[in-house]
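What follows is a short report on a single structure.
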Amino acid sequence: MARITRVPGRGAALSTKLAYLFVRRGMRQVAGRDLDGMIEPIEVMAHAPGLLAGYGKLEQAAAKAHQLDRRLRALAELKSATVVQCGYCIDIGSRISRQWGLSDDELLALPTYLTSPCFSELDRLVLDYAVAMTRTPADVSDELFAALARHLDEGQLVELTFVVAMGNFRARFNTATGIGAARLQRRPGLRRAGTGRRPGLIGVPVQLSSAGRSGWVTRRTWR
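The C-terminal residue of the sequence shown carries number 855 in my numbering, and the numbering is unbroken.
Put into C-alpha cells, the structure is as follows:
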C-alpha cells in the first residue's frame, strides 16, 4: 500500500482528470483489462498538480524519441527497475518489453545477462550502462562509455542516458512512496532481486515513456 493517499478523480482538477484518462487508457491497452492501482503513481503525484503536469510533458517528449532502438531501450529501462527493485516498473516494463521484441527467455535471463547467450555484445553494454547509472553513487567508467560509443552515435547515447535516468526517477519515486507491483501478469514474471516473489513481467507508468499527444499514454505510446 502506498504511503501517500491517491487523489480521487472525483473533484480533481480538469488537467488531473485528463491525465488519469489517458494513462488509464494506455494501461488498459498494455494489460488488456482494468486493475485497481494500475495508475497509482499518477494518482499519488497528483497531490502536486504542477509537478504532475511537468512530468507528463517530460514523458511526452520521451515517447517521441526514436533514435535508439526500442529493444535496447526496453532492456535499459527494465534493468534499472530491477536494480532499484521497483515492483511496479518491473511489472509494467516486462510486458512492454515483450511488445518491443524481448522474449520470455531474455527477460528471465536479465539477472545473469553477463553470461547468458540470450544477449549480444551491445545488449550487454547497454545493460552494464543501466546498472552503472543506477548504482549509488553512479559509476560509469570511461571505458564503458567508449565501448558504447563504438556502437551508438551521440544522439542515441543521449537517448539511452535519458531513458535510464527517467527509469531511475520512476523507480525511486515509486519505491519511496510505497507503490507496489501493478499485478498485470497472469503468467510467471521476473523476480525482484533478493526476494522469492514474482511481481510479474512487463514495464511504466506508462508512466514510463508511454505518453501520447496529451503528454500521457496512448499506444505506440510508450516509446
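In this text, a Cβ means the ideal position worked out from N, Cα and C, and glycines have one as well.
Exercise. Going by Cα to Cα distance, which pick from Ala797, Ala694, Arg705 and Ala814 is closest to Leu734?
Worked result: Arg705
Problem set entry | Nearest-angstrom Cα separation, counted from Thr637 out to His679 | 9 Å
Exercise. Can Leu742 and Leu710 be called in contact, C-beta distance under 9 Å?
Worked result: yes
Exercise. With 16 as the cutoff for other CB atoms within 10 Å, does Ser729 come out buried or exposed?
Worked result: Counting Cβ neighbours within 10 Å, Ser729 comes out buried, since at least 16 surround it.
For this session: Answer yes if the region 787-804 comes into contact with the region 695-703, meaning at least three C-beta pairs across the two stretches below 8 Å, and no otherwise.
Result: yes
Exercise. So, is Gly787 buried or exposed, given that buried needs 16 or more other C-beta atoms within 10 angstroms?
Worked result: exposed
Exercise. Is there contact between the region 718-727 and the region 799-815, where contact requires at least three CB pairs shorter than 8 Å?
Worked result: yes
Exercise. Which of the three DSSP states, helix, strand or coil, is assigned to Leu742?
Worked result: helix
Exercise. What distance in whole Å lies between the Cβ atoms of Arg702 and Trp732, which are believed to be in contact at a cut-off of 8 Å?
Worked result: 5 Å
Problem set entry | Residue closest to Asp668, alpha-carbon to alpha-carbon, out of Arg656, Glu753, Asp774 and Gln661 | That would be Arg656, whose Cα lies nearest to the Cα of Asp668.
Problem set entry | Length at least 4, wholly inside the region 743-792: the alpha helix (DSSP H) runs in chain order | 753-766 and 774-781
For this session: Report the residue ranges of all alpha helix (DSSP H) runs contained in full by the region 663-749; include only those spanning at least 4 residues, in chain order.
Result: 672-677, 681-696, 702-716, 719-731 and 736-740
For this session: With DSSP as the reference, label Met798 as helix, strand or coil.
Result: helix
Exercise. Going by the CB atoms, is the gap between Gln717 and Thr809 shorter than 9 Å?
Worked result: Contact flag unset, no.
Exercise. Mind checking whether Tyr745 and Val796 have CB atoms under 9 Å apart?
Worked result: no
Problem set entry | Ala585 vs Val662 beta-carbon contact at 9 Å | Only positions 633 to 855 of the chain appear in this structure, which leaves residue 585 out of reach.
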